[in-house]
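Colleague: In my numbering, the protein residues as written are 131 to 602. Glycine included, each C-beta is placed from N, C-alpha and C at the ideal position. The structure presented is a predicted model; accordingly, all values stated were derived computationally and were not measured.
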Ligand code: SAH
Ligand code: SF4
Ligand code: F3S
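1. May I ask you to list the residues that DSSP assigns as paired with residue 563?
2. Using a Cβ-Cβ cut-off of 7 Å (strictly less than) and excluding sequence neighbours within five positions of residue 441, which residues of its own chain qualify?
3. Say the cut is 6 Å; is the CB of residue 213 nearer than that to a heavy atom of the ligand F3S?
4. When the Cα atoms are used, what is the spatial distance from residue 505 to residue 172?
5. Mind listing, in chain order, the residues whose beta carbon lies closer than 6 Å to a non-hydrogen atom of the ligand SF4?
6. Hey, how far is the Cα of residue 312 from the Cα of residue 350?
7. Whole angstroms is fine: what's the gap from residue 258's alpha carbon to residue 243's?
8. Does residue 583 come out as helix, strand or coil in the three-state DSSP assignment?
9. On the DSSP letters alone, give me the boundaries of the beta strand (DSSP E) that residue 399 sits inside.
10. Taking the beta carbon of residue 316 as the centre, do at least 16 other beta carbons fall within 10 Å, making it buried, or is it exposed?
11. Jot down the residue ranges of each uninterrupted alpha helix (DSSP H) in the stretch 386-471, minimum 4 residues, whole runs only, in chain order.
12. Compare the Cα-Cα distances from residue 604 to each of 436, 408 and 420 and report the closest residue.
13. Measuring only from the beta carbon, is residue 178 closer than 6 Å to any heavy atom that is part of the ligand F3S?
14. Could you give the uninterrupted runs of the alpha helix (DSSP H) lying entirely in the stretch 269-329, keeping only those of 4 residues or more?
15. Starting from residue 259 and walking both ways along the alpha helix (DSSP H), at which residues does that stretch end?
16. Near residue 480, which residues of its chain fall below 6 Å by C-beta distance, leaving aside the five closest residues on each side in sequence?
17. When you compare each of 370, 493 and 391 to residue 425 by their alpha carbons, which one comes out closest?
18. Identify whether residue 150 lies in helix, strand or coil by the three-state DSSP scheme.
19. Any heavy atom of the ligand F3S within a distance shorter than 6 Å of the CB on residue 244?
20. Comparing C-alpha positions only, which one of 340, 472 and 165 sits nearest to residue 329?
21. What's the C-alpha gap between residue 401 and residue 344?
22. May I ask you to list the residues that DSSP assigns as paired with residue 500?
23. Between which residues of its own chain and residue 183 is the CB-CB distance below 8 Å, once the five residues before and five after are set aside?
24. For residue 359, write down the residues that DSSP places opposite it in a beta bridge.
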């Protein structure tokens with residue numbers, strides 16, 4: 131049993147990150163552990179977790195488990211969790227309640243949680259106290275060890291907790307069962323060293339570790355070879371890519387080399403405003419296969435709050451970067467994340483945030499109410515803003531954000547734009563869906579033969595969060 135430890139998770143040393151190319155090993159005796167058994171994985175949180183789930187699924191299939199999309203049918207249930215806000219927690223604990231009922235009826239079910247919540251001391255303590263009928267808990271650093279964790283729990287028929295609070299290595303040989311045949315997530319870095327005062331990620335994901343370029347490029351080349359049309363380069367701060375490598379190779383170099391593989395679409399998330407260089411902007415503007423879409427989290431427009439958040443930019447430098455991007459990439463769409471109700475946020479601070487929204491007229495924005503995360507500095511800051519005021523600010527903010535989303539979408543009406551058709555729409559089964567180069571969701575009339583292709587679509591109707599179109 132290895133329990134998470136917040137103190138250890140906070141530590142950052144100067145030690146070099148190790149790249150391990152054969153740490154994922156699966157013993158012969160475990161290769162059939164899942165024979166005739168079905169697994170169900172539910173994923174919460176960000177793209178990084180989505181991609182981790184693709185790894186987890188591949189590992190389970192290496193052990194002969196087969197996937198089911200019905201939790202009720204499963205012999206193995208895993209929740210890959212997110213710790214970013216309280217409501218993410220609540221969703222998971224709600225689900226654990228449902229699993230308990232299933233396990234009461236079918237005691238042989240193996241149930242576990244993994245991901246960012248598993249890295250939290252408070253969560254694991256709660257599990258040990260109240261949910262110790264669960265079978266496995268493992269964290270973000272030892273996904274490759276899942277076969278052994280599962281085998282240990284099955285052997286001892288009880289809870290096996292295996293969470294490492296370490297800075298982390300890079301394991302290069304974990305397989306992946308990708309959800310899509312057309313677009314793929316590609317990790318370019320793990321962890322985060324920014325330690326924004328509200329954020330739990332640096333504690334749950336370890337230190338910033340950039341993958342060596344040769345591994346990333348090989349992965350993208352293989353994807354191109356296998357017919358993939360789009361890659362999204364993933365990291366908490368992709369602009370800081372390479373800063374921790376011992377070679378002179380940065381995000382602009384990586385973007386350029388990925389673009390040169392010939393993949394039709396290159397995306398990247400998330401860009402921290404702090405590390406956005408002119409060289410990066412120029413590479414994005416030069417290559418037609420680097421998509422004109424930038425997610426540029428603002429968090430707050432108030433310099434006082436930005437300082438308390440530890441974001442290391444000001445309203446002015448943010449706006450300067452925003453304008454530079456729009457000038458170099460006039461056709462691009464720019465989206466953002468905003469937190470309202472940070473401890474002590476005044477009406478004046480909030481007005482500064484609204485000012486930036488009025489000026490940037492974002493294509494869309496994810497907006498959140500501040501959620502205190504245990505162990506982070508902001509959780510201890512004095513907060514005299516009531517939830518009522520926070521809710522009211524969120525509503526006012528959303529009203530402006532939605533106004534500008536609709537306005538940005540209106541510009542597309544009657545235009546013809548390229549869309550990568552991904553499949554059928556979840557809401558309307560006979561309608562196709564896909565995204566423009568600028569990351570706008572489009573519902574398209576058409577038949578299955580278009581799935582996986584980038585087609586020209588004429589936009590016939592626009593709404594706040596999506597558009598309708600027809601293939602031309
Ligand atoms: N690495 C990215 C953010 C990843 S987390 C960046 O730095 O921009 C995604 C978003 O969740 C953040 O941008 C922030 O807006 C929000 N978030 C993170 N911690 C939060 C908290 N404690 N309360 C509310 N929102 C939070
Ligand atoms: Fe969290 Fe800040 Fe790191 Fe983003 S940059 S993951 S908000 S600590
Ligand atoms: Fe959530 Fe962990 Fe991602 S906290 S947002 S799943 S890095």
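Modeller: By the coordinates alone:
1. 553 and 573
2. 326 and 429
3. yes
4. 26 Å
5. 322, 324, 325, 326, 329, 331, 332, 366, 367 and 402
6. 12 Å
7. 12 Å
8. coil
9. 395-399
10. buried
11. 408-416, 433-439 and 445-458
12. The displayed coordinates of the chain run from 131 to 602. Any statement about residue 604 would go beyond what the structure contains.
13. yes
14. 276-286
15. 251-260
16. 523
17. 493
18. strand
19. no
20. 472
21. 22 Å
22. For residue 500, which the question treats as bridged, DSSP gives no partner whatsoever.
23. 171, 173 and 210
24. DSSP, once it has assigned bridges, lists no residue as partnering residue 359.
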